[in-house]
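*Asks:* If you're matching them up, the sequences are chains Z and C in order.
Using the numbering used here, read the first sequence as starting at 89 and increasing by one per residue.
Using the numbering used here, read the second sequence as starting at 290 and increasing by one per residue.
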Amino acid sequence: MLYSEKVMEHFHNPRNVGELPDADGVGEVGNPVCGDMMKITIKVDDDHIQDIRFQTLGCGAAIATSSIVTEMARGMTLADAVAITKQEVAEELGGLPPAKMHCSVLATDGLKAAVDDFLVKHGREPIAGPIASNDPHFDPHAEEE
Amino acid sequence: MDRITYLDYAATTPVDERVVDAMLPFLAQRFGNPNSLYSLGRDAYTALEASRESVAASLGASHPSEVLFTSCGTESDNTALIGIASAMAERKGRHIVVSAFEHHAVLEPAHWLEKRGFSVTYLKPQTDGVIDPDALAEAMRDETCLVSIMHANNEIGTVQRIRALVEIAHARGAYFHTDACQTLGKMDFNVEDLGVDAASFSGHKIYAPKGTGVLYLRRGTRFQPYLMGGGQEFKKRSGTQNVAGAVAFATALRIMDEERPLEGPRLASLRDRLVSAVLEGIENTELNGSLTERLPNIANFIIKGVEGEAMLLQLDAKGISVSTGSACSSGSLEPSHVLLSIGCPPELAHGSLRVSIGRFTTEADIDYLVDCLTPIVERLRSMSPVYAKMFPASR
C-alpha cells in the first residue's frame, strides 16, 4: 500500500489544524472504536465558508483527507461544500489506496455535519443528507472496489 | 535524513555478513543437486547434512532426520498443523486446540481445518499474554489430536511455559506443536526439555535469508506430507533442497547460540532502557504483556490517544522503522487480534507501537527513537479532537 506524494505532503504539513473558538458550525464524526475521529469548525459569512479548522485522530490518510477538504471548502458556498464527494477528495490528493477510501468519507462527513450544525442553529433546514460515518452500522468497506 | 534506525527485528533481520560468506559458495560454484551421485552432488549433500546435524544439535533433537528444511516459518506451521491433524483425524479425532493469539500462519490452517470437519478451540491468553495451563487442561477432549501454542508471541513478546502445556496435551494423547519463529536463538530451545513433537522456525528472524525455514518433527510423529514428489527430506517434504539456504540457516543459528550468553542480557538491558524511557517520559502509555515472561527483544506499547499508522509514518520520516497493531496499517479495519485477545480495547489497540531490537541495535538507537517519539506523540495528540477530553488532567 502506497500513499501518493500529495497525501504524504498533507499528512506531514496539514493545513488548517485546530479549532475556531467562536465557530458558527461544529461537525464531529467517527467513533474511537473504529479508530478515526474528526471535528471540523467553520465560520460562515453570507452562506460562504469564510474560515475552517479541523482536528483528527486517525491514520495518515485520515489526516491528509481532513487537511485537503478544509482547503477545498474554504470560500465555498454551503451548498457547494456539502456537495464535495469522497471521490473528489481522493482525486484532489492524487488518489487513495482502496483500503483508505473510507477516510475521505470521514472528511466529507465532518464538513457536512458542520454545515448542518450551522443551519440548524439558525433555524434553517439541514441540507447535507445522512452522515454515513455517524451511523453505527456504517460499513466503510461497503463501496470498495 | 540519511540515517536508518531499524527497530523491527521481529518482522525480519538483515542477513549477517558471516552468513552470506558461508552460503555464497553454494550458489554459483558448489551448486550440485544434493540428490545426485557424482562428486558435485555429494559435495552439496555433505554440506546439507552437516547443516542438518548442526541444527539438530542446537535443538537437542535425538536424530538429524527430525530436522526438515522448509521454505519459511509459514510453511513449517502450515504443514505441521495440516499434516499432523490429517494423519491423526481417523486415529484420534477431529479436534485441535490453538491459542487465540497465534500468528496467522497457524490460525489460517486452523480455520481451513475447521471448514473441513475439524472443531477448533481458540484458547484465550490471560491479560498478561500468558496461557494458563489449567485453561488448556479444560479445553482438552478425548478426540483432541493436536495442540499448537506459540513459544513467544510475535507482537507482544510474551513467552509460554511450553513444558507444562506439553504435559497436559500428552496426558490426553495429543501431539504438541509450537511456533517458535520468534524464540529460536534468542532463548534456550531444547526439544527434549520442552517435550514438543513439532516446532516451526524461520531463517529470516535469525539473520539468515528470507525463504528459509525448519520444521522439527519428532521421530514417529504421524504426519501427512504436503509436498509430494522426489521424496526428499525423508519423504516428508519433497523438492530439491535449498542447500545455500540450509547452510545459511545452520550458520545463523550457530552464531545466535554462540553469542547468546552476551547478546541476551545486552538486548534485555536495551529493552528495559526503552520501556522505562517510554513509560516515564510519555504520559498515558502502557506496556502490553507480562513484564517478566517475555523475550529480551520485543516491547509493545499502547500510546493512548494516538493512531498507530500516523505515528509509524512520522517515525519513518525520521528514518525509524517500527510497527503497529493499528487497523489502518493492516489493510483490514480490525486492530491486532493479538492485542484484542489479551483484552486490549480496540480504541487503544489502534495506538499500539511494537519496537523489536536485535544484533545491530545500539543504545544510541534507543535514545534516538525516544527523542523522536516524544514530540511526535505530543503533536498527534494536539491534533486529536478527543485527547484533551479523554485525559483532561494531562493538558
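Just so it is clear, CB atoms sit at the ideal spot from N, CA and C, and this is done for glycine as well.
Quantities reported herein were computed from a predicted structural model and do not represent experimental measurements.
So that I know if they touch, is there some Cβ in chain C lying closer than 9 Å to that of K131 (chain Z)?
*Replies:* On the first sequence, residue 131 (chain Z) is found 43 positions in, with the first residue counted as 1. Answer no: the Cβ-Cβ gap between K131 (chain Z) and chain C never drops below 9 Å.
*Asks:* Relative to the C-alpha of L207 (chain Z), which residue among Z:D168, Z:D112, Z:T173 and Z:E116 is closest?
*Replies:* Here residue 207 (chain Z) refers to the residue found at position 119 of the first sequence. L207 (chain Z) has its Cα closest to that of Z:D112, out of Z:D168, Z:D112, Z:T173 and Z:E116.
*Asks:* Taking C-beta pairs closer than 7 Å, name the residues in chain C that V105 (chain Z) reaches, listed in chain order.
*Replies:* Position 17 of the first sequence, counting from 1, holds the residue named residue 105 (chain Z). Correct list: M672.
*Asks:* I'd like to know if the segment 629 to 637 of chain C and the segment 650 to 657 of chain C are in contact, where contact means that at least 3 CB-CB pairs between them fall below 8 Å.
*Replies:* Taking 8 Å as the limit for Cβ pairs, the verdict is that the segment 650 to 657 of chain C does not touch the segment 629 to 637 of chain C.
*Asks:* How far does the alpha helix (DSSP H) with A339 (chain C) in it reach, from first residue to last?
*Replies:* Taking the first residue of the second sequence as 1, we reach residue 339 (chain C) at position 50. Unbroken alpha helix (DSSP H) run through A339 (chain C): S328 to L348.
*Asks:* Hey, does E116 (chain Z) have any beta-carbon neighbour from chain C nearer than 9 Å?
*Replies:* Taking the first residue of the first sequence as 1, we reach residue 116 (chain Z) at position 28. True, the Cβ-Cβ gap to chain C drops below 9 Å.
*Asks:* Is there a Cβ of chain C sitting closer than 9 Å to that of M125 (chain Z), yes or no?
*Replies:* Stepping through the first sequence from its first residue, residue 125 (chain Z) is reached at position 37. Answer yes: the Cβ-Cβ gap between M125 (chain Z) and chain C drops below 9 Å somewhere.
*Asks:* For R141 (chain Z), which residues does DSSP report across the bridge?
*Replies:* Position 53 of the first sequence, counted from the start, is the residue given in the question as residue 141 (chain Z). R141 (chain Z) is bridged to Z:T129.
*Asks:* Counting only beta-carbon atoms, is S625 (chain C) nearer than 9 Å to chain Z?
*Replies:* Residue 625 (chain C) sits at position 336 when you count from the first residue of the second sequence. By this cut-off, S625 (chain C) is not an interface position.
*Asks:* By the three-class DSSP mapping on this structure, what secondary structure does V193 (chain Z) have?
*Replies:* Taking the first residue of the first sequence as 1, we reach residue 193 (chain Z) at position 105. Looking at V193 (chain Z) - three-state DSSP - the assignment turns out to be helix.
*Asks:* So for H459 (chain C), helix, strand or coil by DSSP?
*Replies:* In the second sequence, the residue the question calls residue 459 (chain C) occupies position 170. If DSSP states are grouped into helix, strand and coil, H459 (chain C) belongs with the helices.
*Asks:* Determine which residues share a DSSP beta bridge with T359 (chain C) and list them.
*Replies:* Stepping through the second sequence from its first residue, residue 359 (chain C) is reached at position 70. C:G502, per the DSSP bridge assignment.
*Asks:* Please name the residue or residues paired with V644 (chain C) in a DSSP beta bridge.
*Replies:* Translated into positions along the second sequence, residue 644 (chain C) becomes position 355. For V644 (chain C), which the question treats as bridged, DSSP gives the partners C:A588.
*Asks:* For chain C, check one thing: does any of its Cβ atoms lie closer than 9 Å to the Cβ of M96 (chain Z)?
*Replies:* Looking up residue 96 (chain Z) in the first sequence gives position 8. Cβ-Cβ to chain C under 9 Å: yes for M96 (chain Z).
*Asks:* Output needed for F680 (chain C): all residues of its chain with C-beta closer than 6 Å, excluding positions within five of it in sequence on either side, in chain order.
*Replies:* Numbered from 1 along the second sequence, position 391 holds the residue referred to as residue 680 (chain C). Around F680 (chain C): N573.
*Asks:* Just by C-beta distance, which residues in the segment 143 to 159 of chain Z are closer than 7 Å to chain C?
*Replies:* So the close ones are Q143, T144, L145, G146, C147, G148 and I151.
*Asks:* Three Cβ pairs or more, each shorter than 8 Å: is that satisfied between the segment 293 to 308 of chain C and the segment 475 to 490 of chain C?
*Replies:* Short answer: they don't touch.
*Asks:* Where do the ends of the alpha helix (DSSP H) carrying I689 (chain C) lie?
*Replies:* Residue numbering for chain C in the displayed model covers 290 to 684; residue 689 (chain C) lies beyond these limits and cannot be assessed.
*Asks:* Tell me whether R380 (chain C) sits in a helix, a strand or coil according to DSSP, three-state version.
*Replies:* As a first step, residue 380 (chain C) must be located in the second sequence, where it is residue number 91. Of the three classes helix, strand and coil, the one that applies to R380 (chain C) here is coil, per DSSP.
*Asks:* Is there a C-beta anywhere in chain Z that falls below 9 Å from the one on V595 (chain C)?
*Replies:* The count along the second sequence starts at 1 and reaches residue 595 (chain C) at position 306. With 9 Å as the cut-off, V595 (chain C) counts as an interface residue toward chain Z.
*Asks:* Do R507 (chain C) and A539 (chain C) come within 9 Å of each other at the CB atom, strictly closer than that value?
*Replies:* Residue mapping note: residue 539 (chain C) aligns to position 250 of the second sequence, counting from 1. Residue mapping note: residue 507 (chain C) aligns to position 218 of the second sequence, counting from 1. No. Outside cutoff.
*Asks:* With distances taken Cα to Cα, identify the nearest neighbour of N586 (chain C) among C:N442, C:L370 and C:H393.
*Replies:* On the second sequence, residue 586 (chain C) is found 297 positions in, with the first residue counted as 1. For the residues C:N442, C:L370 and C:H393, the minimum Cα distance to N586 (chain C) belongs to C:N442.
*Asks:* Taking a cut of 9 Å between CB atoms, which residues from the segment 577 to 602 of chain C lie near chain Z?
*Replies:* Correct list: G594, V595, E596, G597, E598, A599, L601 and L602.
*Asks:* Using beta-carbon positions only, say whether A458 (chain C) and L425 (chain C) come within less than 9 Å of one another.
*Replies:* Translated into the one-based positions of the second sequence, residue 458 (chain C) becomes position 169. Translated into the one-based positions of the second sequence, residue 425 (chain C) becomes position 136. Yes, the pair counts as a contact, with Cβ atoms nearer than the cut-off.
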